[in-house]
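Colleague:
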Amino acid sequence: MRDIPPTLAEHLSGDATTLCHAWRVIRRDGVVLGFTEHDADLNFAGTSFAAASGFSASDSEAENGLAATTGEVAGGFSADAITKADLSLGRYDGARVEVYLVNWANPAQHMLLRVQEIGEVTRSEGDFRAELRSIAHSLGQEQGRLYGRRCDATLGDGRCRADLSLPGRRRNGIVLTVSDSQTVTASGLAGFASGFFSFGVLTFGSGVLAGLSFDIDAHWQEGDVAVLNFWLPVPEGLEEGAAFSIVAGCDKSFATCRAKFSNHLNFQGFPHIPGADFAYSYADGQTVHDGRPLFQ
């Protein structure tokens, strides 16, 4: 049962109400934005909620149990609020959204209705629509580990434990030219063999993309100039002169873990797991079955 603050409950019991909705958006990078459907800005809960942002929400229903519910919010692009570039770059992916019911005549009277996350976002020329998913949707995600020959850890995380601060594992560079949304040339990576940064991660330190990271699909050297091909096209913002840092790539194989990072004792895969050919094999008169390891 929902507890309604006494002052708001008193207002709701009156003959006329002055209510509206407000949304507080908390992005994964820590940026907090507030929006309201009211025609004037509101301030409460330590946040300023901007009016005239074009925000509106679809109807949604609350259900008992752990069923994942969804809703939708729509709005227009604003230079002072949500921009097309920010949406294209994924700055709002997975953002936390707090939905409030508030008395606009007295914003101190407000109540948190629900907490959701931004899911799929669709954009048109001048506006956007964002799916709002309840937190319960995370209960439908796969949990635990999958057993496979390749490592399932992220390079340098608490399970991998490879020290990326060691010399030669991280390098700073500058974008020289932009061929297209997926390919750039860069300086600062001379001396590395082609492929060293394939499957690595590049993080921009300046420009429109500052603070954003992108996966590298392929890397090769053309003299002192490096060519970097991103795994997915960068929506927008690639520019010459942008500074970046890049981390060595790992293809998640045991051989790479041992030879490139000397981290084989922490390998989080199962390189000796029998393959499908063994699983479908059968006993015959030529194969020796004496209990010895299948792999040495």
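Residue numbers (my numbering): 151 to 446.
We put the CB at the ideal spot given by N, CA and C, even for glycine.
This structure is a prediction, so every number in the text was calculated from the model and none was measured.
State the start and end residues of the unbroken beta strand (DSSP E) segment that holds residue 407.
Modeller: Here residue 407 belongs to no beta strand (DSSP E); instead the alpha helix (DSSP H) covers 404-411.
Colleague: Between the Cα of residue 320 and those of 415, 239, 194, 396, spot the shortest distance and give me the residue it belongs to.
Modeller: 396
Colleague: Please state whether DSSP places residue 157 in a helix, a strand or coil.
Modeller: helix
Colleague: With 16 other CB atoms within 10 Å as the buried threshold, where does residue 376 fall?
Modeller: buried
Colleague: Do the segment 380-397 and the segment 413-432 make contact, defined as three or more Cβ pairs closer than 8 Å?
Modeller: Under the three-pair Cβ rule at 8 Å, the segment 380-397 does not count as touching the segment 413-432.
Colleague: Can you tell me whether residue 436 is buried or exposed? The criterion is at least 16 other CB atoms within 10 Å of its CB, across all chains shown.
Modeller: exposed
Colleague: Report buried or exposed for residue 112, applying the criterion of at least 16 other Cβ atoms within 10 angstroms of its Cβ.
Modeller: The structure shown does not extend to residue 112, since the chain spans only 151 to 446, so no value can be given for it.
Colleague: For residue 196, verify whether its CB is less than 6 Å away from any heavy atom of the ligand ZN.
Modeller: The model on display carries no ligand, and the ligand ZN is accordingly not part of it.
Colleague: Ordered along the chain, which non-local residues of its own chain (more than five positions away) have a Cβ less than 6 Å from that of residue 229?
Modeller: Only weak support is given to the placement of residue 229: the predicted model assigns it a pLDDT of 45, under 50, and the value that follows is read from those uncertain coordinates. Correct list: empty, nothing qualifies.
Colleague: Could you compute how far the alpha carbon of residue 372 sits from the alpha carbon of residue 380?
Modeller: 17 Å
Colleague: Compute the distance between the beta-carbons of residue 474 and residue 328, then report whether it is under 7 Å.
Modeller: The question about residue 474 has no answer here: the residues shown for the chain are numbered 151 through 446.
Colleague: Starting from the Cα of residue 196, find the closest Cα among 183, 189, 330 and give me that residue.
Modeller: The shortest Cα separation from residue 196 among 183, 189, 330 belongs to 183.
Colleague: In the structure shown, what three-state DSSP assignment does residue 198 receive?
Modeller: strand
Colleague: In angstroms with no decimal places, state the Cα-to-Cα distance between residue 282 and residue 267.
Modeller: Distance between the alpha carbons of residue 282 and residue 267: 5 Å.
Colleague: Tell me, please, whether the segment 398-407 touches the segment 416-424 by the rule of three or more beta-carbon pairs shorter than 8 Å.
Modeller: yes
Colleague: Excluding sequence positions up to five away, which residues of its chain have a Cβ less than 7 Å from the Cβ of residue 257?
Modeller: Taking residue 257 as the centre and dropping the five residues before and after it, the same chain places the C-beta of 192, 193, 194 closer than 7 Å to its C-beta, in chain order.
Colleague: Any idea if residue 312 is buried or exposed, counting beta-carbon neighbours within 10 angstroms, 16 or more meaning buried?
Modeller: buried
Colleague: Buried or exposed: residue 325, going by 16 or more other Cβ atoms within 10 Å of its Cβ?
Modeller: Per the 10 Å Cβ criterion, buried.
Colleague: Please list, in chain order, all residues of the same chain as residue 323 whose beta carbon is under 8 Å from its beta carbon, the five residues on each side excluded.
Modeller: Closer than 8 Å at the Cβ level, and outside the excluded window around residue 323, lie 336, 337, 338, 339, 376, 393, 394, 395, 396.
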